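J.: 1 is the number of the first residue of the sequence shown in my numbering; add one for each residue after it.
Could you have a look at this structure, given as structure tokens, before my questions?
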Amino acid sequence: MAMDLYRKIIDEIKDTAVMILLWNQGEPLLHKNFPEMVKYASQYKIYTHSSTNMNYLPDPEAIVDSGLDSLIVSLDGASPETYNKYRVGGDFHKVIENTARLAEAKKKRNSVTPFILWQFLIMKHNEHEIDRIKQLAKESGADNLIFKTVQIYQKEDIEQFLPTKEKHRRYKITDDGFILKKRIANRCRRIFTEPVVNCDGEMAICCFDKDVIYKIGNVRDNTVKSLWQSPKLNRWRNVILKDRKKMGICLNCGEGINLTVKG
Numbered sequence: 001m002a003m004d005l006y007r008k009i010i011d012e013i014k015d016t017a018v019m020i021l022l023w024n025q026g027e028p029l030l031h032k033n034f035p036e037m038v039k040y041a042s043q044y045k046i047y048t049h050s051s052t053n054m055n056y057l058p059d060p061e062a063i064v065d066s067g068l069d070s071l072i073v074s075l076d077g078a079s080p081e082t083y084n085k086y087r088v089g090g091d092f093h094k095v096i097e098n099t100a101r102l103a104e105a106k107k108k109r110n111s112v113t114p115f116i117l118w119q120f121l122i123m124k125h126n127e128h129e130i131d132r133i134k135q136l137a138k139e140s141g142a143d144n145l146i147f148k149t150v151q152i153y154q155k156e157d158i159e160q161f162l163p164t165k166e167k168h169r170r171y172k173i174t175d176d177g178f179i180l181k182k183r184i185a186n187r188c189r190r191i192f193t194e195p196v197v198n199c200d201g202e203m204a205i206c207c208f209d210k211d212v213i214y215k216i217g218n219v220r221d222n223t224v225k226s227l228w229q230s231p232k233l234n235r236w237r238n239v240i241l242k243d244r245k246k247m248g249i250c251l252n253c254g255e256g257i258n259l260t261v262k263g
């Protein structure tokens, strides 16, 4: 996202926004202006939250100085072998090293932020590593660790990724494939609370509309508020409140179900 577009968005939402999530489908730390973007939102007392695969961390002190409030670090394996089965092309050791570098930068700056939250997707090939990942989280300097169920997209994923333990799954297996354990209720918190703006300015109906199938408009040509309250978006809200199963993207969405696993 270009900085002029980003500033336009922040300027329009600064009086009403509570939090900004600085990621969608990409890797936010690759953005050369990431610290500047955080600072620009932070000056208006907007809570800043981001998520990274932590394979790239050019300047940990710049991240701390930016005022970033919290950061999710995705680490889905406690060894290079298990990590690379899902994070293909990633570097397990870099994630460990970069997390430690960020934790050290926090100490150096005497800062409690960003709150470092390690996230571990439980899958078939890594569910035996839960105790090991707890130890690694402590050693790395992470502030917290959460375990999350994995999202799958096709029948083949059942055998490849779905954990063997029932409590580690968000799906139940059917003759045709799989469905969510919990029924899809006619409600959605996100479509009423979280505008999603992509890097080109296109507003999406939600973060799960990865290819912007449901066109709302572009914030370059409109205000965020006008699109957020537009008849187009309200029409989709009404569909969800009446019969959410009509929305194809809702059938495998985690909204309204518990995605984390205790322990």
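Backbone N, C-alpha and C define an ideal beta-carbon position, used for all residues, glycine too.
Note that the coordinates shown come from a computational prediction; the quantities given were computed from them, not determined experimentally.
#1: Where are the alpha helix (DSSP H) runs, 4 residues long or more, that stay fully inside the stretch 80-147, in chain order?
#2: Whether or not the stretch 181-192 and the stretch 248-257 are in contact is what I'm after, with contact meaning three or more pairs of Cβ atoms, one per stretch, closer than 8 Å; do they touch?
#3: Quick one: measure Cβ to Cβ for Phe34 and Leu75, integer angstroms, because I've assumed they're closer than 8 Å.
#4: Count the C-beta pairs between the stretch 91-110 and the stretch 38-50 that are closer than 8 Å, then say yes if the count reaches three, no if not.
#5: Could you give the first and the last residue of the continuous alpha helix (DSSP H) run that contains Leu5?
#6: Quick check on the burial criterion: 16 or more other C-beta atoms within 10 angstroms. Buried or exposed for His93?
#7: What residues in its chain sit with their C-beta under 6 Å from that of Leu145, if we drop five residues either side in the sequence?
#8: What residue does the beta strand (DSSP E) around Met203 start on, and which one ends it?
#9: Give the straight-line distance between the Cα atoms of Arg237 and Thr149, rounded to the nearest whole angstrom.
#10: Note down, in chain order, each residue of its chain lying with its Cβ closer than 7 Å to the Cβ of Val212, except the 5 sequence neighbours on either side.
#11: Assuming Tyr40 is part of the alpha helix (DSSP H), what are its boundary residues?
#12: From Lys172 to Val88, what distance separates their C-alpha atoms?
#13: Measuring alpha carbon to alpha carbon, tell me which residue in Gly90, Phe161, Ala17, Phe192 is nearest Glu27.
#14: Report back the beta-carbon spacing between Ala62 and Glu129 to the nearest angstrom; my notes put them in contact at under 8 Å.
#15: Which value, in whole angstroms, describes the spacing of the CA atoms of Asp209 and Lys14?
#16: If we call anything under 8 Å between Cβ atoms a contact, is Leu57 one with Pro114?
#17: Specify, as a first and last residue, the run of the beta strand (DSSP E) that Ser226 falls within.
#18: For Asn24, tell me which candidate among Thr223, Tyr214, Pro195, Ser226 has the shortest Cα-Cα distance.
#19: Provide the residue span of the beta strand (DSSP E) that contains Val73, from first to last.
#20: Return the CA-CA distance between Val239 and Cys207, expressed in angstroms with no decimal places.
#21: If we call anything under 8 Å between Cβ atoms a contact, is Lys39 one with Ser66?
#22: Are Leu162 and Lys124 closer than 8 Å when you measure CB to CB?
T.: Result, derived from the coordinates:
#1: The stretch 80-147 contains, as complete alpha helix (DSSP H) runs of 4+ residues, the segments 80-86, 92-108, 130-140 (chain order).
#2: The stretch 248-257 is in contact with the stretch 181-192.
#3: For the purposes of this step, residue 34 is taken as residue 34 along the sequence shown, with counting starting at 1. For the purposes of this step, residue 75 is taken as residue 75 along the sequence shown, with counting starting at 1. Actually they are not in contact, since the Cβ atoms of Phe34 and Leu75 sit about 20 Å apart, beyond 8 Å.
#4: No, because fewer than three Cβ pairs between the stretch 91-110 and the stretch 38-50 fall closer than 8 Å, the two stretches do not touch.
#5: Translated into the one-based positions of the sequence shown, residue 5 becomes position 5. Per DSSP, the continuous alpha helix (DSSP H) segment holding Leu5 begins and ends at 3-13.
#6: The residue labelled residue 93 in the question sits at position 93 within the sequence shown. By the neighbour-count criterion, in which a residue is buried when 16 or more other Cβ atoms sit within 10 angstroms of its Cβ, His93 is exposed.
#7: As a first step, residue 145 must be located in the sequence shown, where it is residue number 145. Here Leu145 has Trp118, Ala137 as same chain residues with Cβ atoms under 6 Å from its own Cβ, once five neighbours each way along the sequence are excluded.
#8: Position 203 of the sequence shown, counted from the first residue, corresponds to residue 203. For Met203, the uninterrupted beta strand (DSSP E) segment begins and ends at 202-204.
#9: Position 237 of the sequence shown, counted from the start, is the residue given in the question as residue 237. Position 149 of the sequence shown, counted from the start, is the residue given in the question as residue 149. For Arg237 and Thr149, the distance between alpha carbons rounds to 27 Å.
#10: The sequence position of residue 212 within the sequence shown is 212, counting from 1. So the list reads Asn198, Glu202, Ala204, once near-sequence residues are dropped.
#11: As a working mapping, residue 40 is identified with position 40 in the sequence shown. Unbroken alpha helix (DSSP H) run through Tyr40: 34-42.
#12: By one-based count along the sequence shown, residue 172 stands at place 172. By one-based count along the sequence shown, residue 88 stands at place 88. Across the structure, Lys172 and Val88 are spaced so that their CA atoms are roughly 26 Å apart.
#13: Along the sequence shown, one-based indexing puts residue 27 at 27. Selected option, being the one with the closest Cα: Gly90.
#14: As a position in the sequence shown, residue 62 is number 62, starting the count at 1. As a position in the sequence shown, residue 129 is number 129, starting the count at 1. About 32 Å separates the two Cβ atoms, so there is no contact after all.
#15: By 1-based counting over the sequence shown, the position of residue 209 is 209. By 1-based counting over the sequence shown, the position of residue 14 is 14. Rounded to whole angstroms, Asp209 to Lys14 spans 25 Å at the Cα level.
#16: Here residue 57 refers to the residue found at position 57 when the sequence shown is read from its first residue. Here residue 114 refers to the residue found at position 114 when the sequence shown is read from its first residue. Cβ distance not < 8 Å, so Leu57 and Pro114 don't count as in contact.
#17: Position 226 of the sequence shown holds residue 226. Unbroken run through Ser226 is the alpha helix (DSSP H), 224-228; no beta strand (DSSP E).
#18: Residue mapping note: residue 24 aligns to position 24 of the sequence shown, counting from 1. Closest option to Asn24, Cα to Cα, is Pro195.
#19: For this step, residue 73 is matched to residue 73 along the sequence shown. For Val73, the enclosing beta strand (DSSP E) has its first and last residue at 70-74.
#20: Position 239 of the sequence shown holds residue 239. Position 207 of the sequence shown holds residue 207. If you take the alpha carbons of Val239 and Cys207, they lie about 17 Å apart.
#21: As a position in the sequence shown, residue 39 is number 39, starting the count at 1. As a position in the sequence shown, residue 66 is number 66, starting the count at 1. A distance below 8 Å separates the beta carbons of Lys39 and Ser66.
#22: Stepping through the sequence shown from its first residue, residue 162 is reached at position 162. Stepping through the sequence shown from its first residue, residue 124 is reached at position 124. Yes, the pair counts as a contact, with Cβ atoms nearer than the cut-off.
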